[in-house]
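Each number in the numbering used here comes from the position in the sequence shown (counting from 1) with 795 added on.
No residue lacks a Cβ here, since even glycine has one placed at the ideal position from N, Cα and C.
Being a predicted model, the structure only gives us computed values, none of them experimental.
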Amino acid sequence: MSFSDFIADLYYLLLILTTIVFSVSIVYGARKFLPITICLIMGILCEFFTYLIREHHLLIMGEQNNAIVGHVYKWTSFLTFGFFLYSVQKSKATKRYFVYLFSICAVIGIFSQSRLKHYWLENDPWLAFSLMSAIIIASMVYFIQLLKTTDGYPYITTGIFLVSGSFLISSAVNGTYVGVDLDVWNFRESINRIVLIIMYVMFLLGAYLFFKKEDSFKLQRIQR
């Protein structure tokens, strides 16, 4: 088994495992995890449709092109990560700032999409730049808040920050890989998946600490 195959298998395994853990977490009362769970489920669906396209089981307007899958995943990541970072805020001023930030970046993203003549077949690097920039800024704001308190989701936020930055860079240089050797393209995909693997591990740590804290809180209440 090659290195890229190992990374791919580990990526798919952690994607499925994290989705299961977060889905179960919702059932057990972790409502804050709902946006992340939706993003993970959409991630699985996007990977499934990408597989169908790659294996010629599904064609978009007669072509083997997964651009529309990329559009859907970018918007899903933006909306779900953005809503999560918004929902964990306690300050009304910060929430208002996030609304302005996400709204402006969403409008820029819509204008960017409107430039495409063939939306179903064209990748748009500017879309990732506008949407993921908002998530990175919001993550940094939340990081600063976490420095002053122990109550929050540092691991989940770290995962969101890392994958948003990686996604932005990957989308920005996507066009430079046209016509390059397949090994170079596989190496780039492996690097991207390593970042995603780190994000899933961070998400799992965040879920573990959340329920560990909840169990400790319930035990204290019983003892009282």
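What is the C-beta distance between residue i and residue j, in whole angstroms, given that I count them as a contact (C-beta under 8 Å)?
i: phenylalanine 998; j: alanine 825; result: Actually they are not in contact, since the Cβ atoms of phenylalanine 998 and alanine 825 sit about 12 Å apart, beyond 8 Å.
i: threonine 813; j: tyrosine 950; result: That pair is no contact at about 12 Å.
i: valine 819; j: cysteine 841; result: Valine 819 to cysteine 841, Cβ: 22 Å. No contact.
i: leucine 896; j: alanine 929; result: 5 Å
Who are the Cβ neighbours of residue i in its own chain at under 7 Å, not counting the five residues just before and after it?
i: serine 985; result: Phe798, Ser799 and Ile802
i: glutamine 884; result: Lys890 and Phe893
i: asparagine 981; result: Ser799
i: alanine 862; result: Trp915, Leu916, Glu917 and Asn918
i: lysine 921; result: Checking the sequence shown, residue 921 turns out to be tryptophan, not lysine. So the qualifying residues of the chain are Ser907.
Using the Cβ count rule (16 or more neighbours within 10 Å means buried), how would you classify residue i?
i: phenylalanine 879; result: buried
i: aspartate 804; result: exposed
i: threonine 875; result: buried
i: aspartate 946; result: exposed
i: alanine 888; result: exposed
i: leucine 942; result: exposed
i: valine 902; result: exposed
i: threonine 871; result: buried
i: methionine 927; result: buried
i: glycine 877; result: buried
i: tyrosine 937; result: buried
Grouping DSSP H, G and I as helix and E and B as strand, with all else coil, what is residue i?
i: glutamate 858; result: strand
i: leucine 1004; result: helix
i: lysine 943; result: coil
i: serine 797; result: coil
i: glycine 954; result: helix
i: alanine 933; result: helix
i: tyrosine 806; result: helix
i: tyrosine 995; result: helix
i: alanine 923; result: helix
i: glycine 838; result: helix
i: glycine 824; result: coil
Which same chain residues end up closer than 6 Å to residue i when comparing Cβ atoms and leaving out the 5 residues on each side of it in sequence?
i: leucine 847; result: Leu853
i: valine 822; result: none
i: phenylalanine 956; result: Ser934
i: glycine 954; result: Met994, Met997 and Phe998
i: phenylalanine 873; result: Leu926
i: phenylalanine 844; result: Val864
I'd like to know if residue i contacts chain D, where contact means its C-beta is closer than 8 Å to some C-beta of that chain.
i: threonine 814; result: No chain D is present in this structure, which holds just one protein chain.
Could you pull out every residue in the same chain whose Cβ sits closer than 8 Å to the Cβ of residue i, ignoring the five residues on either side in sequence?
i: isoleucine 836; result: Thr814 and Ser818
i: leucine 810; result: Leu835, Gly838, Ile839, Glu842, Leu991 and Tyr995
As an exercise, report each continuous alpha helix (DSSP H) stretch of at least 4 residues that is fully enclosed by the stretch 842-918, in chain order.
Runs of the alpha helix (DSSP H) inside the stretch 842-918: 862-882 and 887-909.
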